[in-house]
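Taken in sequence, the protein lines are chains A and U.
The numbering of the first sequence is the working numbering, which starts it at 1 and goes up by one.
The numbering of the second sequence is the working numbering, which starts it at 384 and goes up by one.
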Amino acid sequence: MERHCAICKGKGLCGLTRCPIKSRFSTLAQVRPSTEYMGCSPSVFIGSYGYPSVRGGPLLVNDSDLPTDWLAKGFLIEDIARIRAGTIRGMSVPDRFPGTLQEIALSSVPLDVEARFERPVAPDLMFDGTVAPVGLSGSMKAFSVIDNAKVALPVDRVTSDTDLGANEACDILSRSGIDVYQISRLLSAGLLGRKRKVVPTRWAITAVDDAVSSGIKQEISRYPALDEIRLFEGFLFGNRIVCILLPGDWKFEMVEIWDAKSLWAGDKDYLVRDDETLKKKGYSPISGAYYSARLGVAEYLKKTGRAARVIVVRHVTGDYWAPLGTWVVREATRKAMAGPYLRCPDLSAATAMASQKIGFSYWIKESRLLAEQKYQRTLQEFF
Amino acid sequence: MMLKATIDADILKESIDAISALVTECRLHTDETGISTRAVDTANVAMISFHLKKEAFESFSSTKSELGLDIAKIKNIFGMMGKENLLALELPDEGHKLKVSFEGYQYSITLLDPNTIRKDPNIPNINLPGKVVLSGSELNNAIKAAAVVSDKIALGIDPATQTFYMVAEGDTDHIRREFGKTEVNFINGAEARSLFSLDYLKDMGKVMSRAEEVELSLGIDHPANFSFYLAGGNGHVEYLLAPRIEAD
């Protein structure tokens, strides 16, 4: 049977009771047979299982739950996996302890909390490729927030406005300088939009990436086109991102290649691609990573005030042994776009350079945008 | 008054559809003879030249002026209009809001500053020797059929057999449609063949399907020109589409 792991990412599409890939990491989680937790809660987690009757609660760990912090501290993939393996999902029905999740989500700093569990917390590794993994979970019988939330002004304003749609809210927050990590926390805790409800974390992450980058996309579509071909490169935890910007109107294509035997790939290399113009139809087969990469590039184009056609190639090697979440793609793309770029004289030089960085060139024939760029002529050529 | 007119809702809708197939905003020129626009899509691949004569309107008076239209927005607004209703347009001198009233609704639509919209493109001076006339709906059907198997289509004229043909090659499938003398009127059956992107043709085809006749001009690896009339002959559309190069 053909393996679909790169699409499924632990959702269980293969029908096995335990995902064989997920099982590889369960040994990392150290059991701490405690029925109590006193410490920080940096964020919230809402599961998607059984939607709409979901379960969720605070994330309990003495850490910021901010990927940007992890990177600033120079953490390795092992360090992050270890922190996450020791992170507890305090679980209950979301409105069991009213207001607490919202308070944690609103706060720009982690809050001190106290939790008591029905049974000692147990290893229960949760990851799906979108959300950063969490190693432990426990059903809470008591929970309280001891601290007072520190709320940024734009967050206070937007979450208080119940006539503001969720998409628009995401847009306003991101324009006010609130990063997507907090916006998705707010959306997940049910603090955005007109009809508010808690949103499973993995959906919220991608929804926010999509909403914020769609807003930026509309904006950059009005900018003048880039006047040269630029090539960017970033590398993070076995993920190589190569990004080619071409002069022209907004078009975006992503090609994702998982090496054979890497995390989600089977015995063969696995390649998946998707593209869009100003409108995007349906959910991307690349899933969350597509929207995270798009955000990274859109932020750059907005900053430079240029429109461009974008090809993002993500190559994942076996070094990426733990699925840390789509934030890896987001930060790898941001890192690539923040770095210096190569100016390429023409398209074939750009693709050759990209292939050299990735290590192979068979992705080129999969790219539809490259084909269009190469074969479609413009009216100017006939003036 | 810069512009004051009443028009059949269907005609206006048809005109908006013709423009929105290629662009999301445009500069609309008005003068005493009617309204017109010329725009290229953001990728510089396709161009529309559009003219609606004042005879297409029930009543029409206008001075020479230039309006910036957000076509995408207007298309959404007019999506709810019923057919065969009259619609009144009004734009005061120095006004930036177009007043539109129909079926008891009164819209005030904010116009774009024309200076923020790309300037009218020049018309390329190209010689397209092959000329045929065929039915718009036949043309659209062939485009739709081709889009099932491929993302590009070749249009050509074979002078030896006096046929106009459309060929689409997919990765695995192939489709060919030939039009003989009975279906196509050959104005000039010179040899022609060029390849085009179906992404563009699909949107243009929907508009052309409403035209009884489309005059198609072709060359060899040259743009294609589609010329047809709307609104009972009072509206004229020309689409110019740049070709693709045949893949090596």
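Glycine is no exception: its CB is placed at the ideal position from the N, C-alpha and C atoms.
None of these values were measured; they are calculated from a predicted model.
Presumed contact (8 Å Cβ cut-off) between residue i and residue j, rounded CB distance
i: LEU411(U); j: THR425(U); result: No, LEU411(U) and THR425(U) are not in contact; Cβ-Cβ is about 18 Å, not under 8 Å.
i: GLU611(U); j: GLU596(U); result: According to the sequence provided, residue 611(U) is Phe. The question's Glu does not apply to it. Yes, PHE611(U) and GLU596(U) are in contact; Cβ-Cβ is about 7 Å, under 8 Å.
i: ASP95(A); j: ASP147(A); result: The pair is not a contact, with the Cβ atoms about 21 Å apart (cut-off 8 Å).
i: ARG89(A); j: MET126(A); result: 7 Å
i: VAL180(A); j: SER188(A); result: With a Cβ gap of about 12 Å, VAL180(A) and SER188(A) do not count as contacting.
i: LEU370(A); j: ALA308(A); result: Not a contact, Cβ separation roughly 14 Å.
i: MET353(A); j: CYS243(A); result: The pair is not a contact, with the Cβ atoms about 12 Å apart (cut-off 8 Å).
i: VAL516(U); j: GLU441(U); result: Contact doesn't hold; Cβ gap of about 30 Å is too wide.
i: LEU435(U); j: ILE418(U); result: 5 Å
i: LYS396(U); j: PHE485(U); result: Incorrect: roughly 11 Å between the Cβ atoms, too far for contact.
Given residue i as reference, the closest of the options once Cα atoms are compared
i: ILE536(U); options: LEU578(U), LEU511(U), ASN524(U); result: LEU578(U)
i: THR416(U); options: SER444(U), GLY602(U), CYS409(U), ILE394(U); result: SER444(U)
i: TYR622(U); options: ASP586(U), ASP604(U), GLY616(U); result: ASP586(U)
i: ILE526(U); options: ILE399(U), ASP582(U), GLY618(U); result: ASP582(U)
i: ASP604(U); options: MET430(U), ASP391(U), HIS619(U), PRO512(U); result: PRO512(U)
i: ALA607(U); options: THR555(U), GLU473(U), LYS514(U); result: LYS514(U)
i: GLY86(A); options: ASP227(A), ASP63(A), ALA298(A), GLY99(A); result: ASP63(A)
i: ALA455(U); options: LEU517(U), SER403(U), VAL516(U), GLY616(U); result: SER403(U)
i: ILE358(A); options: SER292(A), LEU278(A), LEU231(A), PRO154(A); result: LEU231(A)
i: ASP209(A); options: SER184(A), LEU226(A), ILE229(A); result: SER184(A)
i: ILE7(A); options: SER139(A), PRO285(A), GLY215(A), THR35(A); result: PRO285(A)
i: LEU522(U); options: PHE547(U), LEU452(U), ALA575(U); result: PHE547(U)
i: GLY572(U); options: GLY602(U), LYS589(U), ASP534(U); result: GLY602(U)
i: HIS315(A); options: LEU136(A), LYS302(A), SER137(A), ALA332(A); result: ALA332(A)
i: GLY487(U); options: ARG627(U), VAL550(U), ARG501(U), MET463(U); result: MET463(U)
i: ARG576(U); options: MET591(U), ILE628(U), ALA392(U); result: ILE628(U)
i: THR555(U); options: GLY539(U), LYS589(U), VAL531(U), LEU386(U); result: VAL531(U)
i: SER491(U); options: ILE506(U), ASN505(U), ARG501(U), LEU474(U); result: LEU474(U)
i: GLU276(A); options: LEU295(A), LYS268(A), MET254(A), TYR270(A); result: MET254(A)
Neighbour flag for residue i against chain U, beta carbons, 7 Å
i: GLY248(A); result: yes
i: GLN102(A); result: no
i: ARG392(A); result: This structure cannot settle anything about residue 392(A), because the visible part of chain A is limited to 1 through 383.
i: MET1(A); result: Since pLDDT at MET1(A) reaches only 40, below the 50 mark, its modelled position is unreliable, and the value read off the structure follows with that caveat. No, no contact with chain U.
i: GLN376(A); result: yes
i: GLN429(A); result: Examination of residue 429(A) is not possible in this model, given that chain A is present from 1 through 383 alone.
i: PHE383(A); result: yes
Minimum Cβ-Cβ distance from residue i to chain A less than 7 Å
i: ALA625(U); result: yes
i: PRO542(U); result: no
i: THR425(U); result: yes
i: SER491(U); result: no
i: PRO606(U); result: yes
i: PRO497(U); result: no
i: PRO507(U); result: yes
i: SER600(U); result: no
i: ILE628(U); result: yes
i: SER580(U); result: yes
Residues bridged to residue i (per DSSP)
i: LYS387(U); result: SER444(U), GLU473(U)
i: TRP258(A); result: TYR270(A), VAL316(A)
i: SER600(U); result: LYS514(U), ASN608(U)
i: GLY39(A); result: VAL113(A)
i: GLN393(A); result: There is simply no residue 393(A) to check, as chain A begins at 1 and stops at 383 in what is shown.
i: CYS8(A); result: Answer by DSSP bridge pairing: none, since CYS8(A) is not bridged.
i: PHE579(U); result: ILE536(U)
i: HIS434(U); result: SER419(U), HIS619(U)
i: ALA307(A); result: ALA225(A)
i: MET140(A); result: PHE117(A)
i: TYR488(U); result: PHE485(U)
i: SER92(A); result: GLY56(A)
i: TYR341(A); result: Answer is none; TYR341(A) lacks a bridge partner.
i: ILE46(A); result: GLY56(A)
beta-carbon residue i near the ligand SAH non-hydrogen atom, thresh 6 Å
i: THR304(A); result: As far as ligands go, the structure on display features none, and thus does not contain the ligand SAH.
Interface flag, residue i vs chain C, CB-CB below 7 Å
i: VAL428(U); result: Note that chain C does not occur in the displayed structure, where the protein chains are A and U.
**OP:** May I ask you to verify whether the segment 552-568 of chain U touches the segment 478-490 of chain U, counting CB pairs closer than 8 Å and requiring at least 3?
**Re:** Touching, no.
Subject >> Three or more C-beta pairs below 8 Å linking the segment 200-211 of chain A and the segment 219-239 of chain A >> reply: Under the three-pair Cβ rule at 8 Å, the segment 200-211 of chain A does not count as touching the segment 219-239 of chain A.
Original post:
Between the segment 140-160 of chain A and the segment 68-87 of chain A, are three or more C-beta pairs nearer than 8 Å?
Top reply: No contact exists between the segment 140-160 of chain A and the segment 68-87 of chain A.
**OP:** Evaluate the contact criterion for the segment 304-324 of chain A versus the segment 258-270 of chain A: three or more CB pairs, one atom per stretch, below 8 Å.
**Re:** Yes, since at least three Cβ pairs between the segment 304-324 of chain A and the segment 258-270 of chain A fall closer than 8 Å, the two stretches touch.
**OP:** Check whether the segment 152-163 of chain A touches the segment 191-198 of chain A, taking contact to mean three or more Cβ pairs, one atom from each stretch, closer than 8 Å.
**Re:** Per the Cβ contact rule, the segment 152-163 of chain A is in contact with the segment 191-198 of chain A (3 or more Cβ pairs under 8 Å).
Original post:
At a cut of 8 Å, does the segment 100-109 of chain A reach the segment 44-64 of chain A through at least three beta carbon pairs?
Top reply: Three or more beta-carbon pairs separated by less than 8 Å link the segment 100-109 of chain A to the segment 44-64 of chain A, which places the two stretches in contact.
Original post:
Counting Cβ pairs, one atom from each stretch, are 3 or more of them under 8 Å apart for the segment 286-293 of chain A and the segment 120-139 of chain A?
Top reply: Short answer: they touch.
Original post:
Does the segment 493-507 of chain U come close enough to the segment 552-563 of chain U that 3 or more CB-CB pairs lie under 8 Å?
Top reply: Output reads no: the segment 493-507 of chain U does not touch the segment 552-563 of chain U.
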